[in-house]
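Below is one structure, written out as structure tokens; comments come after it.
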Amino acid sequence: MSNLLFVVIVGLSSMGAGLLGALSGLGGGVVIVPLLTIVFHVDIHYAIGASLVSVIATSSGAAAAYVREGFSNIRVGMFLEIATTSGALFGAWLTTIAPTAVIGLVFGLVLLYSAYVSLKQKHEVITDRLDALALRLKMKGDLPLPDGGDQQYVAQRVPVGFGLMWLAGLLSGLLGIGSGAVKVIAMDQAMRLPFKVSTTTSNFMIGVTAAASAGLYLRSGYLAPGLVMPVMLGVLAGSLAGSKLLVRAQVRTLKVVFSLLIIGMGIEMIVNSAMRF
Amino acid sequence: MSWNDKQVETWVGLMLRTGVLLAAAVVLAGGILYMIQNRGPRPDYSRFQGEPVAYSTLHGAATGIATLEPRSIIMFGLLLLVATPIARVGMCIVGFAFERDRMYVAVSSLVLVILLYSVFFHR
């Protein structure tokens, strides 16, 4: 395959991944690595590097829109970033020493888990119970309601959320993904934050978390310019287009289709990795 | 949310969008040059060898831009991209300082230290 054709096809596929990721709310980053390794036979280290870069681009690109809505809680995000960035440093270091088969296996399991999380019915539990630690850390806020009122919320179980965030950071550094699925679970299941707050705050954190891995990825030679270029531009264009289209799309059907695709890729990666042991 | 918070967030949002679009423009420019100059078969990415020093150190990526070598331009764009979330944390420190929130000045400074450590020292 000529280089030109390769760049164009990778760019278009990445655009599709970014589009589906934005429409389904699952993020495009999670399918970039399986796409590059399974379809284009790219080594997983190069794939992880390209994916991480696209994650930073989509997070910062979407953040401008989220910031305007005013749902994200900067204090909650910043405090938890201590956990995600330190987890990411550890994860990025693990990537440099872990065997390829182990990385692939963990990746496959994370894909299955992400699909499960996105298909599961979620129950929103908002509480303004006065959690002493959360109050000392000022992890509270109010969410503007459509009827013009305000929903007060206070974060709960901060240590559990912090621990889960460290794990999310580790997976982000290890696999070059945003770990949005784990971040959202930590915030809405463990810390009982409203969905709108957890999803937008999670997006706020993804770029910062990914930046913590970027330095080590660069020094380890994971960032191949000729590969990163089409992936980053494609995913960014796709996700920006996706967030514009979001209003009109059939989100539920899309979510199911994209989740099935992710399950298929997850199984493929697990089987592939298992055969390498 | 206080008035200050909102103002800081608007600034942060503007900075992020500018940073990403600038980075994407630089990567695109480098990418077009790269496509013109590298018309052969696709490079072999199937076995990991690691990128050469010119594309795997901060110094290489930052100074390579002067040579206008396509891949160096792409790497420079990637550095701009990585710098945007880091700059965002820096802006949050300033925002919290304006609000006289010492605890969160400390929290965001710690995050910034972790990020800078990652970029400059982590092995």
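Residue numbers (the numbering used here), protein chains in the order written: chain A, 3 to 279; chain B, 1176 to 1298.
Idealized CB from N, CA, C, for every residue including glycine.
Computed from a predicted structure; not experimentally measured.
Short CB-CB distance (under 9 angstroms) between residue i and chain B
| i | result |
| --- | --- |
| A:Ala24 | no |
| A:Ile272 | no |
| A:Ser4 | yes |
| A:Ala19 | no |
| A:Leu224 | The question names Leu, but residue 224 of chain A is Tyr in the sequence shown. Yes, A:Tyr224 lies at the interface with chain B (some Cβ there is under 9 angstroms from its Cβ). |
| A:Thr201 | no |
| A:Ala94 | yes |
| A:Arg278 | no |
| A:Gly106 | no |
| A:Ala188 | no |
| A:Val35 | no |
| A:Lys246 | no |
| A:Pro101 | no |
| A:Lys198 | no |
| A:Gly228 | yes |
| A:Leu139 | yes |
Residue i, enclosing beta strand (DSSP E) - first and last residue
| i | result |
| --- | --- |
| A:Leu145 | 142-146 |
| A:Val10 | First-last for A:Val10: 5-26, but that is the alpha helix (DSSP H), not the beta strand (DSSP E). |
| B:Tyr1230 | Taken as a continuous stretch (DSSP letters only), B:Tyr1230 belongs to no beta strand (DSSP E), as it is neither H nor E. |
| A:Val156 | 152-156 |
7 angstroms Cβ cut-off: residues of chain B touching residue i
| i | result |
| --- | --- |
| A:Tyr48 | Tyr1220, Phe1223 |
| A:Phe81 | Val1282 |
| A:Arg77 | Tyr1279 |
Residue range of the alpha helix (DSSP H) that includes residue i
| i | result |
| --- | --- |
| A:Val184 | 182-186 |
| B:Val1269 | 1245-1273 |
| A:Tyr219 | 197-221 |
| A:Tyr224 | Element bounds for A:Tyr224: n/a, residue is neither H nor E. |
| A:Tyr115 | 102-121 |
| B:Tyr1220 | Element bounds for B:Tyr1220: n/a, residue is neither H nor E. |
| A:Thr98 | 76-99 |
| A:Arg138 | 134-138 |
| B:Phe1277 | Before going on, a small fix: residue 1277 of chain B reads as Arg here, not Phe. 1277-1295 is the span of the alpha helix (DSSP H), which, as asked, contains B:Arg1277. |
| A:Ala170 | 160-177 |
| A:Gly29 | From DSSP, A:Gly29 is part of no alpha helix (DSSP H); its letter is neither H nor E. |
Same chain, Cβ closer than 6 angstroms to residue i, five either side skipped, listed in chain order
| i | result |
| --- | --- |
| A:Ala226 | Tyr48 |
| B:Ala1199 | none |
| A:Gly79 | Thr203, Phe206, Met207 |
| A:Leu188 | The question names Leu, but residue 188 of chain A is Ala in the sequence shown. For A:Ala188, where only same-chain residues beyond five positions count, the Cβ hits under 6 angstroms are Gly163, Leu166, Met167. |
7 angstroms CB neighbourhood of residue i in its chain, flanking five on each side removed
| i | result |
| --- | --- |
| A:Gly13 | Pro232, Leu235, Gly236 |
| A:Phe293 | There is no way to answer for residue 293 of chain A, as the model of chain A reaches only from 3 to 279. |
| A:Leu91 | Gly175, Ala214 |
| B:Phe1271 | Tyr1279, Val1280, Ser1283 |
| A:Ser62 | Gly209 |
| B:Gly1265 | Leu1287 |
| A:Ala19 | Gly30, Val33, Ile34, Leu37, Val237, Gly240 |
Partner residues on chain B for residue i, Cβ-Cβ distance less than 8 angstroms
| i | result |
| --- | --- |
| A:Asp45 | Tyr1220, Ser1221, Arg1222, Phe1223 |
| A:Thr87 | Val1286, Ile1289, Leu1290, Ser1293 |
| A:Met267 | Within chain B, no residue comes near A:Met267; the closest Cβ sits about 18 angstroms away, beyond 8 angstroms. |
| A:Leu91 | Ile1289, Tyr1292, Ser1293, His1297 |
Residue i at chain A interface by Cβ criterion, 9 angstroms
| i | result |
| --- | --- |
| B:Thr1232 | yes |
| B:Leu1243 | no |
| B:Ile1240 | no |
| B:Met1176 | Note that B:Met1176 scores 45 on pLDDT, short of 50, meaning its location in the model is unreliable; the coordinates nonetheless yield the value given after this. So, interface residue. |
| B:Ala1237 | no |
Own chain, CB closer than 8 angstroms to residue i, minus 5 neighbours either side, in chain order
| i | result |
| --- | --- |
| B:Trp1178 | Unreliable placement is indicated for B:Trp1178, whose pLDDT of 47 sits below 50; the coordinate value is still reported in the next sentence. Result list for B:Trp1178: empty, nothing under 8 angstroms. |
| A:Val258 | Leu121 |
Partners in chain A for residue i, counting only beta-carbon separations shorter than 7 angstroms
| i | result |
| --- | --- |
| B:Ala1203 | Checking the displayed sequence, the identity of residue 1203 of chain B turns out to be Leu instead of Ala. Correct list: Leu235. |
Contact set between residue i and chain A, taken where Cβ atoms lie within less than 9 angstroms
| i | result |
| --- | --- |
| B:Leu1208 | Those within 9 angstroms of B:Leu1208 in chain A number zero; the least Cβ separation is about 10 angstroms. |
| B:Ala1199 | Ala59, Gly63, Met234, Leu235, Leu238, Ala239 |
Interface residues of chain B facing residue i [CB-CB closer than 9 angstroms]
| i | result |
| --- | --- |
| A:Ile84 | Val1282, Leu1285, Val1286, Ile1289 |
| A:Val210 | Pro1260, Ile1261, Arg1263, Val1264, Val1286, Leu1290 |
| A:Phe109 | Neighbours of A:Phe109 on chain B: none; closest Cβ ~15 angstroms, over 9 angstroms. |
| A:Val41 | The contacting residues do not exist; A:Val41 stays about 12 angstroms from chain B at best. |
Can you give me, in chain order, the residues of the segment 114-125 of chain A that have a beta carbon less than 7 angstroms from any beta carbon in chain B? Residues passing the 7 angstroms Cβ filter: none.
Taking beta-carbon pairs under 9 angstroms, can you tell me which members of the segment 1252-1285 of chain B lie near chain A? Within the segment 1252-1285 of chain B, the qualifying residues are Gly1252, Leu1253, Leu1254, Leu1256, Val1257, Ala1258, Thr1259, Pro1260, Ile1261, Arg1263, Val1264, Cys1267, Gly1270, Phe1271, Asp1276, Met1278, Tyr1279, Val1282, Ser1283, Leu1285.
Residues of the segment 144-176 of chain A in Cβ contact with chain B at a cutoff of 7 angstroms, in chain order, please. Listed by position along the chain: nothing, the set is empty.
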